[in-house]
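Participant: Let me give you the structure first, and then I'll get to my questions.
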Amino acid sequence: MIGSLLYYALYPLSRYVAGRHSEASRKALPPAQVNGKAVWDGGAVTTRRVTQFQKALLDQGLSPSSGTERGMKEPRGPEKEDDTRTKEQLVAVLHEETENGAASAMSEVKSTEAETRSGLQQDQVEAPEQNVGEITIHHEVLQVMQNTEDGIIVPTGDISPEKNSGAQFECLQKEDSTEETTSPVQDKIKMLTLEESVTPAEQSRQETTGPVRQQIQTPSADESTTPAKSAAGVTECWDEYWAPTADEAHGGESGSELPFSCLLSNTQSHLKLSRQHDTQTSWHFPAGPGLAEEVHCPLWQFPVPSYYPPIELTGPFEVMWRVWEELDESATAAVPLPFTKASMDFTVMSYNILAQDLLEVNQELYAHCPLEVLDWNYRCSLLLEEIQKWEPDILCLQEVQEDHYNEQLHPVLSDMGYTCVFKRRTGTKTDGCATCYRSGCFAEVSVTTLEFFRPDVELLDRHNVGIVLLLRPVVIKGSEVKAKGLPLCVANTHLLFNPRRGDVKLAQFAIMLAEIDRVVKSCKAEGEDCNLILCGDFNAVAQMSLYQLITTGELYIQGLPAWMISGREDQSHNSHCHRLYAPLWPSSLGITDSCQYTTAKMLKSQKSGKYQYSHDFIQQLRFCPAACVRPLDLEPIPGVTDDTPDASRESQPYDEGFNHTIRHRLDLESVYKHILPGFGNPEITTLHSEGGATVDYIFYTPRRNLTCNQSTGDFVSAGLKLIGSLSLLSENVLRSMRGLPNHMFPSDHLSLLAKFQLDLNAA
Amino acid sequence: MNNKFDALKDDDSGDHDQDQGSPKDGEKEKTEDEDQNIKKKSLSDVLQMVLPGAGEHPLQYNYTFWYSRRTPGRPASTQSYEQNIKQIGIFASVEQFWRFYSHMIRPGDLTGHSDFHLFKEGIKPMWEDDANKMGGKWIIRLRKGLASRCWENLILAMLGEQFMVGEEICGAVVSVRFQEDIISIWNKTAGDQATTARIRDTLRRVLNLPPNTIMEYKTHNDSIKAWEDFHGLVNPSGGL
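Taken in sequence, the protein lines are chains A and B.
Taken in order, the first sequence gives residues 1 to 763; the numbers are from the UniProt record's numbering.
Taken in order, the second sequence gives residues 1 to 240; the numbers are from the UniProt record's numbering.
Set out below in structure tokens:
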């Protein structure tokens with residue numbers, strides 16, 4: 001109220017300041033990144049708050065309410081300049097960034113509408129503004145006011161409202177007194193806002209809040225675009241993939257409504273508003289699509305300050321929203337189909353959900369987290385919400401604790417239509433991997449569970465597991481299979497964590513590859529290509545050796561430092577690091593350096609009925625015990641030697657016993673490119689107090705070309721076409737959300753989600 | 001069994017030494033040799049028909065290793081092909097193959113005028129064997145130093161059924177000569193161009209040859225004619 005009055009009094013000045021700010025920030029803004037992308041918040045509280053906050057900021061920069069704040073500030077500045085210089089600056093920083101955020105949000109909204117950004121009018125941005133936003137603004141503004149008036153300085157100098165607002169908000173709200181004092185004003189403003197947007201004709205309210213209302217309406221009146229249109233644009237962009245509701249206005253409304261349902265505990269005003277919008281519950285809300293704004297230091301501090309260094313005022317970074325990114329059709333469809341072909345889209349999610357037992361054992365990794373986000377029941381509900389939200393057709397989970405799987409996850413997932421395969425780790429660890437698929441989309445051909453612990457192989461002394469499924473994509477109508485695709489091999493694993501034991505990871509992974517190879521070959525024997533999805537937590541950083549092996553198909557290992565395999569920990573300073581030497585694993589493991597089984601039954605081609613062996617395979621048996629016995633009937637003629645076979649001697653001239661290079665023959669490409677588009681910041685899939693990195697992947701067989709069997713008219717493209725993926729986030733963004741897990745993401749990993757297309761044949 | 005058509009004739013060897021005895025010179029000894037061979041074979045048939053051992057990796061075909069060497073010092077005229085060729089052993093599995101191979105000298109370590117032959121069991125390494133008489137061979141001449149590796153790659157591909165030409169493959173030969181080594185792979189039907197082309201392509205792939213390596217296909221018929229022309233012979237009894 002006071003703020004409103006002050007603002008009114010100083011309206012021209014603040015208006016000028018506001019305009020100047022916005023202009024400046026708009027100029028400095030990078031181009032909008034996200035066009036037509038769906039935005040998802042994960043649906044947890046923190047982000048919802050932030051969302052709200054962001055919206056608030058958006059409004060703040062444009063609507064008089066921000067002017068209110070400014071009105072507060074402007075007069076105070078000169079008066080208190082001497083003694084409260086620091087504070088003044090802080091406020092200014094906050095203020096300015098608010099402006100930035102708002103302006104950039106605005107830009108984004110515009111871009112989704114495919115309008116030229118250069119011609120933007122500030123006022124246009126008001127369109128997507130929601131009632132919600134208004135309320136929040138006021139809420140926030142008032143709190144800021146409160147702070148200013150009371151001389152409370154926000155803990156950190158440079159604030160990143162967009163990113164850290166959740167934390168800030170929280171921290172502000174902890175001051176009960178603030179909350180209380182602000183609420184009356186809030187209410188009034190809220191009412192007024194509602195009037196403005198819903199029933200502008202309501203006069204009674206206008207009387208009490210007349211001045212403010214007028215100001216609010218001013219920009220609205222200037223507005224050149226229709227609110228409906230803007231809102232529609234926003235809604236469209238977020239619901240593009242998952243919620244194709246035709247009712248745009250409704251969609252917009254639902255978007256705005258959602259944050260509130262989650263903010264019930266926050267303020268009364270929120271509660272009230274959410275009641276007003278209880279028409280639809282949805283996960284989608286226009287909360288500032290793909291903001292590409294500059295964000296600065298968070299207001300909160302990690303309990304372990306040594307790890308998270310204070311974020312500098314530099315470096316633009318990206319939105320916290322996870323954005324659904326569709327791949328450009330024109331760019332990928334290099335070869336036009338000669339005729340239309342039935343195809344099937346399916347989504348794959350890979351998710352390390354952080355086993356509760358591991359969380360509790362490694363509490364120091366999660367010391368930065370509020371206790372409530374570490375609670376399993378809370379995390380489980382978020383997790384299931386997330387799965388329900390995306391409804392992946394194939395779900396590959398890691399760190400699934402056995403009791404949680406049996407008691408909670410499996411029942412729920414079964415109800416959702418998933419068939420699940422669970423494999424607990426060997427040893428004493430209680431967690432394992434689970435691969436789930438929709439029985440309506442896939443028929444199970446075979447299941448293999450893999451244990452990487454091999455008591456007879458020294459290297460394989462760790463208890464990790466994997467699951468390899470062979471599925472048949474089917475389209476079922478009624479009880480009849482209408483169409484089917486090429487078999488799909490789905491491999492899911494969680495490799496050893498230990499950053500220094502890259503050799504172990506490599507050997508574990510070789511077992512995985514050998515099994516996949518067997519499955520692929522079994523398909524080939526039936527005359528079919530096999531598409532492949534390989535996902536999981538590899539505990540290996542992108543571009544390091546293990547990743548290189550996966551994507552390029554070979555890795556020279558001789559002398560390679562073990563830490564470099566996964567690269568999770570740079571040991572390059574350590575000259576005594578453990579190095580790899582061929583052979584990495586003994587032949588008793590039964591796996592070649594081409595990551596294939598050495599057993600014959602795997603290699604016998606069933607189709608031709610022939611015993612076919614590769615060069616490598618035959619070589620592998622060269623020094624097996626049965627091959628070293630001198631034949632009884634061998635006559636000592638010239639050309640025959642008395643020498644006994646000796647592996648070391650044989651390997652001298654042309655070392656073929658175990659190559660120095662490990663290879664595989666699978667064609668694999670990563671869904672994620674490990675760099676966020678736009679600024680080029682690295683994206684990460686996991687973060688805890690020992691750091692963040694990309695360690696989770698979805699690899700797939702890309703569609704290289706069309707294989708056409710013209711003689712039979714049978715026409716199926718091998719390979720999968722990547723259609724879209726859910727964007728990851730940068731480390732900075734996640735840090736600004738208090739790291740992981742948090743109120744939005746229930747694990748210390750993010751989920752990976754990709755959508756593929758495969759061809760179908762009529763059954 | 002006509003030993004006058006010497007499958008090991010030096011038409012492949014490049015040094016064209018002409019000291020090979022006339023086929024007829026060996027006629028007498030041939031019968032003795034043959035008798036021995038037959039005895040030996042029947043014995044092996046009865047007592048030890050070669051089968052893969054338990055847990056071993058069976059091969060699509062059983063194969064026989066042969067070794068031949070032009071005996072230095074002995075007059076060429078008394079030599080016969082069959083005299084000079086010795087069977088090393090028959091094997092039916094990958095393990096059994098290695099058992100023999102590991103106890104054999106590498107081609108690159110052989111001295112003099114020697115050859116290793118690896119043929120399917122029942123096919124003699126001779127042009128006139130029923131399996132070979134309509135056939136031919138791909139010949140690759142190698143500079144010294146390459147024979148061991150190329151030979152190994154070649155026979156592993158053959159044993160592992162990498163050529164994918166059905167029953168067409170008969171066997172392979174490595175010939176150690178004075179200045180160069182020669183490897184060749186024999187197939188049944190020289191006139192089947194699809195097959196010969198496929199064999200050539202597989203050879204290129206599995207041998208990992210230098211790009212400028214020359215590969216030559218020669219029908220056994222041509223080899224026989226060349227041999228006869230060279231020796232000024234009219235075929236006396238071969239009926240070819």
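Glycine residues also receive a C-beta, built at the ideal position from the N, C-alpha and C atoms.
1. Only counting runs of 3 or more residues, tell me where the beta strand (DSSP E) segments fall wholly within the region 135-191 of chain B, in order along the chain.
2. Suppose the cutoff is 7 Å on Cβ atoms and the five residues either side in sequence are ignored; what does the same chain contact list for residue 200 of chain B look like?
3. So if DSSP puts residue 66 of chain B in a beta bridge, which residue, or which two residues, is it bridged to?
4. Measuring CB to CB, does residue 411 of chain A end up less than 8 Å from residue 347 of chain A?
5. For residue 33 of chain A, would you say it is in contact with chain B, using Cβ-to-Cβ distances shorter than 8 Å as the test?
6. Can you pull the DSSP bridge partners for residue 690 of chain A?
7. Contact criterion: CB-CB distance below 8 Å. Does residue 591 of chain A meet it with respect to chain B?
8. Please state if the CB of residue 539 of chain A and the CB of residue 495 of chain A are separated by a distance shorter than 8 Å.
9. When burial is assigned at 16 or more other CB atoms within 10 Å of the CB, is residue 91 of chain B buried or exposed?
10. From the beta carbon of residue 38 of chain B, is the nearest beta carbon of chain A less than 8 Å away?
11. So, with DSSP's three-state summary, where would you put residue 727 of chain A?
12. The alpha helix (DSSP H) with residue 196 of chain B in it runs from where to where?
13. Applying a beta-carbon distance threshold of less than 8 Å, which residues of chain A neighbour residue 157 of chain B?
14. Quick one, which residues of the region 76-102 of chain B are near chain A if we go by CB-CB under 7 Å, in chain order?
15. Suppose you measure from the CA of residue 619 of chain A to the CA of residue 497 of chain A; what does that come to, to the nearest Å?
16. Go ahead and label residue 1 of chain B buried or exposed: buried means 16 or more other beta carbons lie within 10 angstroms of its beta carbon, across all protein chains shown.
17. What is the DSSP secondary structure of residue 589 of chain A, counted as helix, strand or coil?
18. Could you tell me whether the Cβ of residue 454 of chain A comes closer than 8 Å to any Cβ of chain B?
19. Assign residue 682 of chain A to one of three DSSP states: helix, strand, or coil.
20. Taking DSSP as the reference, what is the three-state secondary structure of residue 734 of chain A?
21. Mind pulling the chain B residues with CB within less than 8 Å of residue 612 of chain A?
22. How would you call residue 144 of chain B, buried or exposed, if buried means at least 16 neighbouring beta carbons within 10 angstroms?
23. Alpha carbon to alpha carbon, what distance is there between residue 748 of chain A and residue 725 of chain A?
24. Is the Cβ of residue 134 of chain B closer than 8 Å to any Cβ of chain A?
25. Buried or exposed for residue 395 of chain A, going by 16 or more other Cβ atoms inside 10 Å?
26. For residue 360 of chain A, which of A:640, A:376 and A:638 has the nearest alpha-carbon?
27. Compare the C-alpha of residue 528 of chain A against each of A:499, A:544, A:485 and A:448 and name the closest.
28. Give, in chain order, every unbroken run of the alpha helix (DSSP H) that is at least 4 residues long and sits entirely within the region 390-427 of chain A.
29. Quick one: grab the DSSP three-state call for residue 50 of chain B.
30. Rounded to a whole number of angstroms, what is the C-alpha to C-alpha distance between residue 373 of chain A and residue 365 of chain A?
31. Give the residues of chain B in contact with residue 586 of chain A, contact being defined as C-beta atoms less than 9 Å apart.
32. What in chain A is Cβ-close to residue 53 of chain B, meaning under 7 Å?
33. Indicate whether at least one CB of chain A lies closer than 8 Å to the CB of residue 104 of chain B.
34. Could you tell me the distance, in whole angstroms, from the CA atom of residue 462 of chain A to the CA atom of residue 452 of chain A?
35. Have a look at the DSSP bridge pairing and note the partners of residue 757 of chain A.
36. Let me see if you follow: with CB-CB separation under 8 Å, is residue 63 of chain B close to chain A or not?
Facilitator: Once the coordinates are examined:
1. 136-143, 169-176 and 180-187
2. 138 and 215
3. B:87 and B:117
4. no
5. The predicted model places residue 33 of chain A with a pLDDT of 40, which falls under 50 and marks its position as unreliable; any figure quoted below should be read in that light. Chain B contact via Cβ: absent.
6. According to DSSP, residue 690 of chain A bridges with nothing at all.
7. no
8. yes
9. buried
10. Low confidence applies to residue 38 of chain B: its pLDDT is 46, below 50, so where it sits in the model is not reliable, and the reading given next is rough at best. Closer than 8 Å: no.
11. coil
12. 193-207
13. 615
14. 86, 88, 89, 94, 95, 98, 99, 100 and 102
15. 33 Å
16. Because residue 1 of chain B sits at a pLDDT of 44, beneath the cut-off of 50, its placement in the model cannot be relied upon, and the following sentence gives the value as read from the coordinates. It is exposed - the Cβ of residue 1 of chain B has fewer than 16 other Cβ atoms within 10 Å.
17. helix
18. no
19. strand
20. helix
21. 60, 160, 161 and 162
22. exposed
23. 20 Å
24. no
25. buried
26. A:376
27. A:485
28. 410-415
29. coil
30. 13 Å
31. None at all; the shortest Cβ gap to chain B is about 18 Å.
32. 626
33. yes
34. 7 Å
35. A:345 and A:721
36. no
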